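Reading through the structure tokens given below for one structure.
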Amino acid sequence: MSGGLLVAGTTSDAGKSVVTAGICRWLVRRGVKVAPFKAQNMSLNSFVTREGAEIGRAQAMQAQAARVEPTALMNPVLLKPGSDRSSQVVLMGKPVGEMSARGYHGGRQEALLGTVTDCLEQLRSTYDAVICEGAGSPAEINLRHTDIVNMGIARAARFPVLVVGDIDRGGVFASFFGTTALLSGEDQSLVAGYLVNKFRGDVSLLEPGLDMLYGLTGRRTYGVLPYAHGLGIDEEDGLRVSLRGAVRESVVAPPHGEDVLRVAVCAVPLMSNFTDVDALAAEPGVVVRFVDRAEELADADLVIVPGTRGTVKALAWLRERGLADALVRRAAEGRPVLGICGGFQVLGERIEDEVESRAGVVDGLGVLPVRIRFDRDKTLARPVGSALGEPVEGYEIHHGVADVRGGEPFLDGCRVGAVWGTHWHGSLESDAFRRRFLVEVARAAGRRFVPAPDTSFGVLREEQLDRLGDLVEEHADTDALWGLIEGGAPAGLPFVPPGAPSVPGDVGAGGPESRGAAPDPAPQSPEGLDFAGPADATPQGLEIGRPETQGKAPRPQGPDGADVHVDEEAL
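If you use numbering that gives the first Met the number 0, the sequence shown corresponds to residues 0 to 570, in order.
Here it is in structure tokens:
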């Protein structure tokens, strides 16, 4: 049986994703066969594996850090918000329905524990080590009894837990202490210690606080990672993080030609796979920004309408803000526009949607001769082809089926003048195609921009992942970390009062050793999940969630409209 570690966080955006990736890269460089794992992810940034499974984009990035091929086993449960009341549930890489937050946390989430533990055990039987990423905070005391991604999976696997805190936000000592003190005795016994992230300044000034934290909790700090600028990778699943990390903090290199190229990305609601623009931001002389006002399109050389989980909602948003009229004017003036996935659908003539929004027939912007019909079956694919005379690879994640009725062929979509549309995500990561596309954009925009001839997005991504490995290797106690991975949490870790409050239904409440403990997480069948939709459309026998039977997903149904907010950080 392999060793492992759960990387938890004091908050969302504490750095769990990048720390997990950094540990994976450090381990693989020392010859350890390692895999990432996240039992449950909530994200609109997703990826399609080679076997056609949809998983979180962060787990695909972590698999790259580990130098292994990503699979559905690494992220068995993916939640894709469609509103503030419901999410699409993707189980073992296939959509199985829409569910309200109340339905998911009302005992249904816990029913998936058997699925995620099965996946973890399969990874442990194949790899020397499995590095798990938690979600939000392990101290979500209102959700602990149904937790399958933080202490629930740590308890099931008996994995030690490393808690990451973002000191750049402030309050990191209180966060470490409070996170530990709000866990039950059984959970606390697995919390091995802490890792400080994003530290600026002289570490010697921090050390007295770390010593006092050890005195208060009996747990050591395993490293202090410095603040690293411009990593430009999929740091977390939260929108604000990816926008900041991938674009706003990236350093724009001087242009190779005389001009820069300005790219404006419409920040549509439920924006998905906005990592598509990362490759553009990596090009010397290309400036990428996200916009939400029509006047911000005026000086853009290229406008991108990105993917979205709510095409009809995005279309209404564009119209409300005047962006739709600005896009139509751009198209008429021959100024470049690129629509990707949902953005491609928006640019078409008509959308027929009885699946995602159930809005029926809605007029699109009409700048591309395309009609879209939403199908209940989701397209998940890894297409390979050519465009503009160059090879291209990408991936597809969409319910919309395009009926292209004119224009020039462009990937699976079309081009009319300076307007391009495609369902393919990730196409801009193909270096030769990206350079050729930018040449076309610069010509249409009247810019004397010349793409650098040697920019390799794949090489840049590898360099960024190596930087993460360097941060762990140089600023963490790697011998002690390996001891945790190989041997588990240290014995005799003290209980930090008060412990988790008692919750109805919990067992073992009373003494400090078991205060507020959740039931032992034995594997359970995922049958009976409360998916929305008519009774006769309820997914039959969700054994498809089991790793050995993945690939046969029922058709997704619409939200049940329960009045409860989907809490991204809590999930």
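We put the beta carbon where it would ideally sit given N, CA and C, even for glycine. As the structure is a prediction and not an experimental result, all values here were calculated from the model.
Problem set entry | Those runs of the beta strand (DSSP E) which lie wholly inside the region 158-196 and span at least 3 residues | 160-165
Problem set entry | Neighbourhood of His397 by C-beta, 6 Å cutoff - its chain only, sequence neighbours within 5 removed | Cys340, Thr378 and His422
Exercise. Should Met150 go down as buried or exposed, given a rule of 16 or more other Cβ atoms within 10 Å for buried?
Worked result: buried
Exercise. Any idea what DSSP makes of Pro283, helix, strand or coil?
Worked result: coil
For this session: Answer yes or no: do Leu215 and Leu194 have a C-beta to C-beta separation smaller than 8 Å?
Result: Cβ atoms of Leu215 and Leu194: not closer than 8 Å.
Exercise. Whole alpha helix (DSSP H) runs in the region 6-72 with 4 or more residues, listed along the chain?
Worked result: 15-28 and 56-64
Exercise. Taking the alpha-carbon positions, what's the Val593 to Phe46 distance?
Worked result: Any question about residue 593 goes unanswered here, given that the chain covers just 0 to 570.
Exercise. Gly486 to Arg460, Cα distance in whole Å?
Worked result: 32 Å
Exercise. With 16 as the cutoff for other CB atoms within 10 Å, does Pro75 come out buried or exposed?
Worked result: Buried is the label assigned to Pro75, since at least 16 other Cβ atoms lie within 10 Å of its Cβ.
Exercise. Going by C-alpha distance, which of Gln39, Glu139 and Glu389 is nearest Thr116?
Worked result: Gln39
Exercise. What span of residues does the alpha helix (DSSP H) with His397 cover, start to end?
Worked result: No alpha helix (DSSP H) contains His397, which is instead part of the beta strand (DSSP E) from Glu395 to Val403.
Problem set entry | Residue range of the unbroken alpha helix (DSSP H) whose run includes Tyr213 | Glu206 to Thr216
For this session: Tell me whether Thr574 sits in a helix, a strand or coil according to DSSP, three-state version.
Result: Because the chain here runs from 0 to 570, residue 574 falls outside it and cannot be looked at.
Problem set entry | Option in His424, Gly284, Ala380 and Gly399 with minimal Cα separation from Pro452 | Gly284
Problem set entry | Given Thr274 as reference, the closest of Thr9, Gly55, Val31 and Arg29 once Cα atoms are compared | Gly55
Exercise. Can you tell me the Cα-Cα spacing of Phe99 and Asp258, whole angstroms?
Worked result: Here residue 99 turns out to be Ser, not Phe, going by the sequence shown. For Ser99 and Asp258, the distance between alpha carbons rounds to 49 Å.
For this session: Check Gly388 in the structure and name its three-state DSSP category.
Result: coil
Exercise. Cys265 lies in the beta strand (DSSP E); which residues open and close that run?
Worked result: Leu260 to Cys265
For this session: Flag this pair as touching only if the region 136-154 and the region 15-26 have three or more C-beta atom pairs under 8 Å; answer yes or no.
Result: Three or more Cβ pairs closer than 8 Å define a contact, and the region 136-154 falls short of that threshold against the region 15-26.
For this session: With Glu132 as the anchor, note down where its beta strand (DSSP E) starts and where it stops.
Result: Its beta strand (DSSP E) spans residues Ala128 to Glu132.
For this session: Using DSSP bridges, identify the partner residues of Gly96.
Result: Val88
Exercise. The alpha helix (DSSP H) with Ala431 in it runs from where to where?
Worked result: Counting along the chain, the unbroken alpha helix (DSSP H) around Ala431 starts and ends at Asp430 to Ala444.
For this session: Check whether the region 455-471 touches the region 312-332, taking contact to mean three or more Cβ pairs, one atom from each stretch, closer than 8 Å.
Result: no
Problem set entry | alpha helix (DSSP H) segment containing Cys118, residue limits | Leu112 to Thr125
Exercise. Taking Cβ positions, are Leu437 and Phe448 nearer each other than 8 Å?
Worked result: Less than 8 Å divides the Cβ of Leu437 from the Cβ of Phe448.
Exercise. Where does Ser271 sit, in a helix, a strand or coil, going by DSSP?
Worked result: Secondary structure at Ser271: strand, using DSSP grouped into helix, strand and coil.
Problem set entry | Arg292, DSSP secondary structure in three states | coil
Exercise. Closest to Arg434 by CA distance: which of Ala299, Phe172, His255 and His474 is it?
Worked result: His255
For this session: To the nearest angstrom, report how far apart Glu599 and Lys197 are at their CA atoms.
Result: One cannot answer for residue 599 here, as it falls past the ends of the chain, which runs 0 to 570.
For this session: State the DSSP-derived secondary structure class of Thr454, mapped to helix, strand or coil.
Result: coil
For this session: Helix, strand or coil for Leu364, going by three-state DSSP, please let me know.
Result: coil
Exercise. Considering only residues of the same chain and omitting the five flanking positions on each side of Ala13, which have a CB-CB separation below 7 Å?
Worked result: Val163, Gly164, Asp165 and Asn196
For this session: Look at the Cβ atom of Leu161, then the Cβ atom of Val31, and state whether they are nearer than 8 Å.
Result: No, the Cβ-Cβ distance between Leu161 and Val31 is not below 8 Å.
Exercise. If you follow the alpha helix (DSSP H) that Glu407 is part of, which residue opens it and which one closes it?
Worked result: Note, Glu407: premise wrong, no alpha helix (DSSP H); beta strand (DSSP E) at Glu407 to Phe409.
Problem set entry | Same chain only: Cβ atoms within 6 Å of Leu301, ignoring 5 sequence neighbours per side | Result list for Leu301: Val262, Pro335 and Val440, in chain order.
Problem set entry | Among Pro35, Val345 and Leu492, nearest to Arg123 - alpha-carbon criterion | When only C-alpha atoms are compared, the closest one is Pro35.
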